[in-house]
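*Asks:* In our numbering, the protein residues as written are 3 to 379.
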């Protein structure tokens, strides 16, 4: 018991209270984006978010109190569980909004395996980088062998956003672990080629990228030209910009977001993937900036924890989680203001979603574990 209270005292409390503040804003804006809906599913979303928040906090403290080395040593178990869940969702998953991404656990309760796979992969890669001394092509090949199976299964759902997140996390961790830079530069150049191809090939010449479905191709075309399908794939992007722009400096006021209320922002996205558009409309630039600053501060604290870790394992673990949160943060807000193509990536601690919120708290628990145990080992 004494050790428990000692660990509680070493918790990074500013980070904890910052996360609580972000989650409080999340509940408030989820309610605002759904209170007018006739469907019970939407009207009760804010209550469901509070329930998942309580579960997430319990997971957070449980994970934080255990030495992060224990989690890393058992990384292969989490990786295999995530892999089995990803296979399970393809075999017996529930389809929703044109994708099979959820496993139904009970009436009204689902699990999204792609979210579970993200921290499982980070733990697995950190374990590999700590156990295998090679820092050349062999390490890159081993990383690829563990990266491709979960990524392929996630893309099969299809969930392009979640699948693509694993790739930059791998590059960052390989770079921080000291892998030769030329092996990291090659995939970066490959990504640059793909980006160039999407513009000059897909958008300009209407070519097709192998492996992508037509709706994903349409998202790329719509990103470069919202008028391509302004009543279909370009609708959310355009209405999101209108919502944020109409909010101005101070916003229209709480519970007064007409874009969501009147259905211009689709009700099934205004409280999850596009919640930042709802925040921008009701709270304006002022509130939107506070959310961005809060998320950026959480990201910065995670990086600081990485720099203060007791060993390379802790540093890599905190850095990998920091990278994951930054990608979600950048892509989600970026797609609402048309900086990046629209993908199904939620905003950490803000977007509605049970699995994602609990996983976010689990990952922050890992970061806290690195901070708590920085002086122990």
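Glycine is no exception: its CB is placed at the ideal position from the N, C-alpha and C atoms.
Of the choices 64, 28, 61, whose alpha-carbon is the least far from that of residue 47?
*Replies:* Translated into positions along the chain shown, residue 47 becomes position 45. Comparing Cα positions, the closest option is 28.
*Asks:* As a quick exercise: from 149, 37, 340, 334, pick the residue whose alpha carbon is nearest that of residue 1.
*Replies:* Since the first and last residues shown for the chain are 3 and 379, residue 1 lies out of range.
*Asks:* Kindly provide the ranges of any alpha helix (DSSP H) runs that are 4 or more residues long and lie completely inside the region 113-172, ordered along the chain.
*Replies:* 115-133, 139-158
*Asks:* Can you find the residues in the same chain that come closer than 7 Å, C-beta to C-beta, to residue 383, ignoring five residues on each side of it along the sequence?
*Replies:* This structure cannot speak to residue 383, because the chain is shown only from 3 to 379.
*Asks:* What does residue 104 pair with, by DSSP beta-bridge criteria?
*Replies:* Numbered from its first residue, the chain shown carries residue 104 at position 102. 96, per the DSSP bridge assignment.
*Asks:* Quick check: the Cα distance between residue 183 and residue 128, rounded to an integer number of angstroms?
*Replies:* Locating residue 183 in the chain shown gives position 181, counting from the first residue. Locating residue 128 in the chain shown gives position 126, counting from the first residue. For residue 183 and residue 128, the distance between alpha carbons rounds to 18 Å.
*Asks:* Short of 8 Å in beta carbon distance, which residues of its chain neighbour residue 70, apart from the five on each side in sequence? Order them along the chain.
*Replies:* In the chain shown, counting from the first residue as 1, residue 70 sits at position 68. Cβ within range, chain order: 315, 316, 319, 368, 371, 372, 375.
*Asks:* Beta carbon of residue 25, beta carbon of residue 55: below 8 Å?
*Replies:* In the chain shown, counting from the first residue as 1, residue 25 sits at position 23. In the chain shown, counting from the first residue as 1, residue 55 sits at position 53. Taking 8 Å as the Cβ cut-off, residue 25 and residue 55 qualify as a contacting pair.
*Asks:* Would you report the Cα separation of residue 287 and residue 23, rounded to the nearest angstrom?
*Replies:* Sequence index remark: in the chain shown, residue 287 carries index 285 (1-based). Sequence index remark: in the chain shown, residue 23 carries index 21 (1-based). The straight-line gap from Cα to Cα measures roughly 18 Å.
*Asks:* In the DSSP assignment, the alpha helix (DSSP H) including residue 196 goes from what residue to what residue?
*Replies:* Start at 1 with the first residue of the chain shown, and residue 196 comes out as number 194. It spans 183-199 - the alpha helix (DSSP H) in which residue 196 sits, taken as one unbroken run.
*Asks:* Please work out which residues of its chain come closer than 7 Å, Cβ to Cβ, to residue 139, disregarding the five sequence neighbours upstream and downstream, and give them in chain order.
*Replies:* Along the chain shown, one-based indexing puts residue 139 at 137. Taking C-beta separations shorter than 7 Å and ignoring five residues to either side along the sequence, the partners of residue 139 in its chain run 185, following chain order.
*Asks:* Around the Cβ of residue 272, are there at least 16 other Cβ atoms within 10 angstroms (buried) or fewer (exposed)?
*Replies:* For the purposes of this step, residue 272 is taken as residue 270 along the chain shown, with counting starting at 1. By the neighbour-count rule (16 or more Cβ atoms within 10 Å), residue 272 is buried.
*Asks:* Which residue from 104, 132, 82, 105 puts its Cα closest to that of residue 180?
*Replies:* For the purposes of this step, residue 180 is taken as residue 178 along the chain shown, with counting starting at 1. Considering only alpha carbons, the answer is 132.
*Asks:* Buried or exposed: residue 154, going by 16 or more other Cβ atoms within 10 Å of its Cβ?
*Replies:* In the chain shown, counting from the first residue as 1, residue 154 sits at position 152. It counts as exposed.
*Asks:* For the structure I just gave you, are there three or more beta carbon pairs, one from the region 355-369 and one from the region 186-198, closer than 8 Å?
*Replies:* Under the Cβ criterion (8 Å, minimum of three pairs), the region 355-369 does not count as touching the region 186-198.
*Asks:* Would the region 322-329 count as touching the region 252-268 if we require 3 or more Cβ pairs under 8 Å?
*Replies:* no
*Asks:* Use the C-beta contact count for residue 291: other C-beta atoms within 10 angstroms, 16 or more gives buried, fewer gives exposed.
*Replies:* Stepping through the chain shown from its first residue, residue 291 is reached at position 289. Exposed, since its Cβ has fewer than 16 Cβ neighbours within 10 Å.
*Asks:* If contacts are defined as beta-carbon pairs under 8 Å, then residue 35 and residue 259 qualify, I think. What distance do you get, rounded to the angstrom?
*Replies:* As a working note, residue 35 is residue 33 in the chain shown. As a working note, residue 259 is residue 257 in the chain shown. So it is a contact: roughly 7 Å between Cβ atoms.
*Asks:* Taking 8 Å as the cut-off, decide whether the C-beta atoms of residue 87 and residue 118 are in contact.
*Replies:* Position 85 of the chain shown holds residue 87. Position 116 of the chain shown holds residue 118. Closer than 8 Å, so yes.
*Asks:* Tell me which residues share the same chain as residue 378 and place their Cβ nearer than 8 Å to its Cβ, disregarding the 5 neighbours each side in the sequence.
*Replies:* Position 376 of the chain shown, counting from 1, holds the residue named residue 378. Here the model assigns residue 378 a pLDDT of 49, short of 50, so the residue's position is not dependable and the matter cannot be decided.
*Asks:* Could you check what DSSP says for residue 68 in three-state terms: helix, strand or coil?
*Replies:* Numbered from its first residue, the chain shown carries residue 68 at position 66. Correct three-state label for residue 68: coil.
*Asks:* What three-state label does DSSP hand residue 79 in the structure shown?
*Replies:* Stepping through the chain shown from its first residue, residue 79 is reached at position 77. Residue state, collapsed to three classes: helix.
*Asks:* Am I right that residue 83 and residue 159 are in contact with their C-beta atoms under 8 Å? What's the rounded C-beta distance?
*Replies:* Looking up residue 83 in the chain shown gives position 81. Looking up residue 159 in the chain shown gives position 157. The pair is not a contact, with the Cβ atoms about 17 Å apart (cut-off 8 Å).
*Asks:* Please return the same chain residues whose Cβ sits closer than 7 Å to the Cβ of residue 144, not counting the five positions on each side in sequence.
*Replies:* Reading the chain shown from its first residue, position 142 is the one you call residue 144. Excluding positions up to five away in sequence, the list reads 130, 134.
*Asks:* Drop a sphere of 10 angstroms on the beta-carbon of residue 252, count the other beta-carbons inside from all chains shown, and report buried for 16 or more, exposed for fewer.
*Replies:* Indexing the chain shown from 1 puts residue 252 at position 250. Exposed.
*Asks:* Residue 284 to residue 324, Cα distance in whole Å?
*Replies:* Along the chain shown, read from residue 1 onward, the residue named residue 284 stands at position 282. Along the chain shown, read from residue 1 onward, the residue named residue 324 stands at position 322. The alpha-carbon atoms of residue 284 and residue 324 are separated by roughly 29 Å.
*Asks:* May I ask you to check if the CB of residue 37 is nearer than 7 Å to at least one heavy atom of the ligand MN?
*Replies:* With respect to the ligand MN, the structure offers nothing, as it holds no ligand at all.
*Asks:* Counting only the same chain and skipping the five closest in sequence on each side, list residues whose C-beta sits under 7 Å from that of residue 203.
*Replies:* Numbered from 1 along the chain shown, position 201 holds the residue referred to as residue 203. Closer than 7 Å at Cβ, skipping near neighbours: 209.
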